[in-house]
Amino acid sequence: MKALLWLFIILFPLCVVYGDVIFDVPVRDIEYSITDDGTYDRITMSGSFCVVAPGAPELPGMTFHFLLGHNDRLTDIEIIHEVWEPITGEYHLYPKQDEHIIDEECEFVPPDPAVYGSLALFPASLIASARSGNLRVYHIAHVSIVPFRYAPQSGVLQVLRELTIKIITGSCDPGVAPVRQTQISRAVFEQTVRSLVVNKAEVRDPGKQPQCSIVSNPDDAAPTLVPSLLGAPVDYLIITTDSLCNAYEDFAHFKKQYGFNTAVRTLSWINGHYAGIDNAERIRNFIIDAVEDWGTSFVLLGGDITDIPARTVWFPGQYWQHGRFPGMTDQYFVDLDGTWNADGDERFCEVEDSLDLNPDVYVGRLPTTDAAQVPLYMNKVKSYLQPVTTTMQARALFFMSYLDNSFPVANRDTLDSYKSAKRIAQRLPAWFDTVFLRERPKEELGDSLRVGFGIVTGLGHGGVYSIQTRRFSPTSHADLWWFDSLDNTGRYGIMFWISCLNQMLQSNCLGKHWVFDDDGCGVASVGPSYYSDAAVHEQYTKKHFDRLLDMPLAASLAESKVDYVGISASDNWYRIYQFSLNLFGDAALMPWDSVPQQYNSVTISPETVNVGIDSVTVTVDPSVPFDVIFYKEGEIFKRDSTHTVEVTSEVRTESSGYLKYTVISDGYIAHLDSVVVTPQDPYLVYDSSLIIDTLGGQNGDGVVNSGEEIELTVMITNHGNSAATDIDVQIACADAFVTMINDTSSYPDIEADSTAANMAAFRFSVSDSVLDQYSLDFELILNHAGGSNSDSFQLLVAAPFILHYTQEWVEVGDTFAIVPSVVNYGQCTADSVTARIGLYPGDTNVVIVDSMVGFPVVMVDSVTSSNPDSFFLYVKKPEAPARYNYRVYYRDMEVVNSTITLATPSHIDSIWVQGNKSSIAIEWSKVDGAIGYRVYRATVFTGPYTFLRNHLAPVSRYEDFDVVVGEEYYYYVGVVDSSMNHNGLSDTVIGRTNPPLADGWPQTVLGPFRSSPAFGDIDPDYDGTEVIIGDMKGNVYAWHCDGTPVVGDGRLFFCTPPLTYPEELWSTVAIGDVDNSDGLEIVFAIRRASATVYVMDGEGTILSGWPKDVPGRVIGSPSLADVDEDGDLEIFVQSELYGDVYAFHHDGTGVYQPSGL
């Protein structure tokens, strides 16, 4: 491991005084327009929102952001000065309508007479919301205003032209903040803040900018295993699974060539090092550490949510007929402040949970399910960054279908997808070539995508598996299979979906197919995991397009949400999109902001460099500012910049091979190449080390433990081209925890490409007080007959980490016998652990009789009590609480100091359990006063029960992943209060995982379904029973028991043009031998008035006499019965709208009337 270069920002001492900050709000620049549809006037304003109540005048608002000082938060706001300007004319403003899902039927909300009948100006206050938050240590006030006021009775409308506000501040926690970061990470967040805030000139004010060091990694040192301030920084963190790890390591190397310090960690590793109620919280806790200690700014979640989970959140119920809707979001990993569950119940992301919502890190997800998808996607990114066809990057495609049930009419502009697309397109630079496909068949969409577009936006009705490209005459849907068939290889664009559920994280959705199509589709996808309302969705997309070409894709997505943080504090569509909009793709992908240019030439001299220290000169034509990144794994990772035609860089390598370099300029295709590195004279480098810790009866585990004396063998390798002789090596460690005993040793001669060990062991001792997982940095001075050079390496310390666990006590009258317990979360056993109690200051009720106990050796990850040793005390007033000071010592060092009040926590009222694919989730009712809960498990009801070591947090949920599929487990939960009293035990519940999926399952359907699957042997020539189901797109599917389709792609039936949207199949199909032919037929009904009821055989052939019309449509399941006792089955259905019952014979003739009625 190599040394790091730390570039410290000079931190000036600040005197922070919390108080008033006065800002002039730039309302003079507000641009708006007013349109008259003949009945109402409507105000349109760029970047606006509207959160007034339905029926109130639809007045747009907007948000301004102000950068505050370190640890400042907005506590109140006052208006110092305001100037209003009347708008000429008399106005009758359009009333705000109910928010609803696209195409949801809703009644017009008339003007509220309480408002429209008033003489008072509306709204009463121009401040819509005011709150502050932590944006990666920047403290920002979000002030949302309504810059119009309206007197409905008189028709007077005014616009705000001058505004001065006073922000009153108080102190706050710093939030998640990096202690160090690279220039890349600093620049991208500084750019975000600068683009948001009004007071841009203060972004680098020492009292407002992050107080962290700027570091680089010139020798390509590896980051520490667990985030720490030692080792390399990490700009780009990839979190994946063990099975995908190798593939993502290749992706990490690729990102390094573009200048990102990158690291990969697996979920299994995170589970071994981080606590949490479930895997999502463990991942988030790890990311928090990565941001604080590594300075991480980008995170790629490398896996689908079944492997790398998202956070389940609860969307507002007023937008879904069945109440609150559980969805999934990756925003949980973006906003790292708080727990996202402040009220401690089993539901995250509720209004009561007081979310910050400001980004602390930029996150994307690559929902890979197998290793082959990673290089597939990486090659797409390479193709995007190194395009053959460059004109497509300046082209944008919008395809759309009508959103309203009828053709667009007055006052429904928000549902006119063409107008919406035009408004979004205006946010792109004027030189963009923009194409609109309005109500066109999917074949035209395919032709366009084969030509190539850098930005693609789809607006229309859709769902998890498809999106409409044409709604009328005839309907056209682009579904999963259609996107999979695209062959636009090398012409990969970024997709934005303005539709419903196209990026539903928990489903096999369109967004996933867009990024993983083998022969085409695109390089990134941004879309909703929930339903869409069109109007607010458009506002978020316009905000995203405002910054799309200026910063990495995940950063522009995160910034697009910040404008709506203030008004997202209550249940509304703005809050929904904070969580619903997620990114599939490379978090740091930088969209092209112009037609990519090629360098005329890039030269490097010399083309061969020597092992050790050498220099190279890079020259580009034309003369443009550029960066050059040098990278050789484990040896050099260096970035140099110039504003001239060339740059000369010193490079330091340690072995022969290839030194990669990348030349990057704004607007130019990066140039990637390498030069040869050849050996020269002897060149010595660190290879490895061996720890010997057996002196004086030490544990001999080969790991550096606190308090040990270590003998160290250090292996040295000669990467030169000749033998190294007369070798003498000195070792040094500047750390105060280390005392060197023997720091010099000779080595035998080392031939070229050979390795040798020191002839006399290096020796040092380690302090008792060193912390667990602390990293010790060692420097080597490597002297030999031909010269000298240096190298470095690190050793990780394992030490106990002792915490107070609980106490048990026996109370006899006024006397207490108390047995404390401790837990060791460190990586080393702990001996010489003692505890003492003392009087609580000012408490005269307690008399201590025996104040000291000793503990046996406390093993790693183990709870240990002092039993049979006990504290003894008595109380003068038994009715008063027994309270005392409690301290724990490890080798005479204090490790715990707390106040204990003996009490019994309240018990848990209810507990329930849910089996998942490979885990068991336990939830319970929260208990007031609990600081956390402990979960216990056994394999039989009578026990023994084992503590699951769950993280102590006031969250009433835990997910157990350490389970064997199919086995039963018993659980109960205990309550822990602030004194670590443990009791209040719940009832015991039993749980097990869901049964594993059968081979060949699950299967994909193109639409949501409300019916149940039906089972029948419709293919007698194939073993087993077939599975048949219909969906809300009017498709009927049939698969064999092993998941293979009965015909084609699995669809026995699908609706063909002309269509009368919606073509929904709500009911479960009926299966029976309808015509008494010894074979089973399938009977189903489409929710439409014509061609309603069908009968088909097992191959999808419609029987003669079918379909039949049923006025009033059908949503119920058909029933089959031989009512006339002729041996075949009659078919019965009921009209949805009229309640009429229709009966048909197997040949389609009516049983009672020719119509079937």
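Mapping of the sequence shown onto full-length UniProt numbering: position 17 corresponds to residue 17, and the numbering continues sequentially without gaps. Positions of the beta carbon are idealized from the N, C-alpha and C atoms, including for glycine. A quick note: this is a predicted structure, and the numbers were derived from the prediction, not measured.
Can you give the beta carbon distance from residue i to residue j, rounded, assuming they're within the 8 Å contact cut?
| i | j | result |
| --- | --- | --- |
| residue 805 | residue 1032 | Wrong, their Cβ atoms sit about 53 Å apart, outside the cutoff. |
| residue 993 | residue 973 | That belief does not hold up - the Cβ atoms of residue 993 and residue 973 are roughly 19 Å apart, past 8 Å. |
| residue 202 | residue 155 | Going by Cβ atoms, the distance from residue 202 to residue 155 rounds to 42 Å, so no, they are not a contact pair. |
| residue 510 | residue 540 | Wrong, their Cβ atoms sit about 18 Å apart, outside the cutoff. |
| residue 440 | residue 469 | 6 Å |
| residue 679 | residue 784 | 14 Å between Cβ atoms; not a contact. |
Suppose the cutoff is 6 Å on Cβ atoms and the five residues either side in sequence are ignored; what does the same chain contact list for residue i look like?
| i | result |
| --- | --- |
| residue 184 | 235 |
| residue 857 | 829, 831 |
| residue 629 | 259, 639, 662 |
| residue 327 | 313, 315, 529, 530 |
| residue 988 | 970, 972 |
| residue 45 | 32, 60 |
| residue 1066 | 1010, 1087, 1115 |
| residue 732 | 779 |
| residue 698 | 708 |
| residue 538 | 420 |
Can you look up residue i in the DSSP assignment and give me helix, strand or coil?
| i | result |
| --- | --- |
| residue 434 | strand |
| residue 1156 | coil |
| residue 382 | helix |
| residue 191 | helix |
| residue 29 | helix |
| residue 646 | strand |
| residue 559 | helix |
| residue 514 | helix |
| residue 250 | helix |
| residue 1068 | coil |
| residue 65 | strand |
| residue 421 | helix |
| residue 719 | coil |
| residue 1158 | Any property of residue 1158 remains undetermined from this structure, which presents the chain solely from 1 to 1157. |
Give me, in chain order, the residues of the same chain whose beta-carbon lies closer than 7 Å to that of residue i; leave out the 5 immediate sequence neighbours on both sides.
| i | result |
| --- | --- |
| residue 836 | 851, 852, 887 |
| residue 277 | 950, 951, 953, 955, 957, 958, 959 |
| residue 1176 | Summary: the structure shown does not reach residue 1176, with the chain confined to residues 1 through 1157, and so no result is reported for it. |
| residue 393 | 387, 454, 592, 595, 596 |
Using the Cβ count rule (16 or more neighbours within 10 Å means buried), how would you classify residue i?
| i | result |
| --- | --- |
| residue 893 | exposed |
| residue 1137 | exposed |
| residue 1010 | exposed |
| residue 168 | exposed |
| residue 997 | exposed |
| residue 708 | buried |
| residue 142 | buried |
| residue 454 | buried |
| residue 930 | buried |
Please list, in chain order, all residues of the same chain as residue i whose beta carbon is under 8 Å from its beta carbon, the five residues on each side excluded.
| i | result |
| --- | --- |
| residue 500 | 101, 102, 461, 462, 463, 528, 530, 531, 532 |
| residue 1161 | What is shown of the chain runs 1 to 1157, which leaves residue 1161 out entirely. |
| residue 171 | 18, 71, 72, 73 |
| residue 343 | 350, 352, 353, 926 |
| residue 866 | 819, 820, 821, 835, 853, 854, 855 |
Considering only the alpha carbon of each residue, which of the options lies closest to residue i?
| i | options | result |
| --- | --- | --- |
| residue 686 | 747, 518, 131, 198 | 747 |
| residue 839 | 590, 899, 859 | 899 |
| residue 297 | 338, 743, 589, 1078 | 589 |
| residue 176 | 80, 94, 295 | 295 |
| residue 299 | 240, 307, 482, 356 | 240 |
| residue 329 | 354, 301, 567, 977 | 301 |
| residue 1035 | 644, 1046, 1051 | 1051 |
| residue 1131 | 1091, 1100, 1083, 164 | 1083 |
| residue 427 | 868, 542, 451, 916 | 542 |
For residue i, is the beta carbon positioned less than 7 Å from some heavy atom of the ligand GTP?
| i | result |
| --- | --- |
| residue 571 | Absence of the ligand GTP from the depicted structure is noted, as is the absence of any ligand whatsoever, leaving it without description. |
Any C-beta of chain C sitting closer than 8 Å to the C-beta of residue i?
| i | result |
| --- | --- |
| residue 546 | Going by chain labels, chain C is absent from the structure shown, which holds only one protein chain. |
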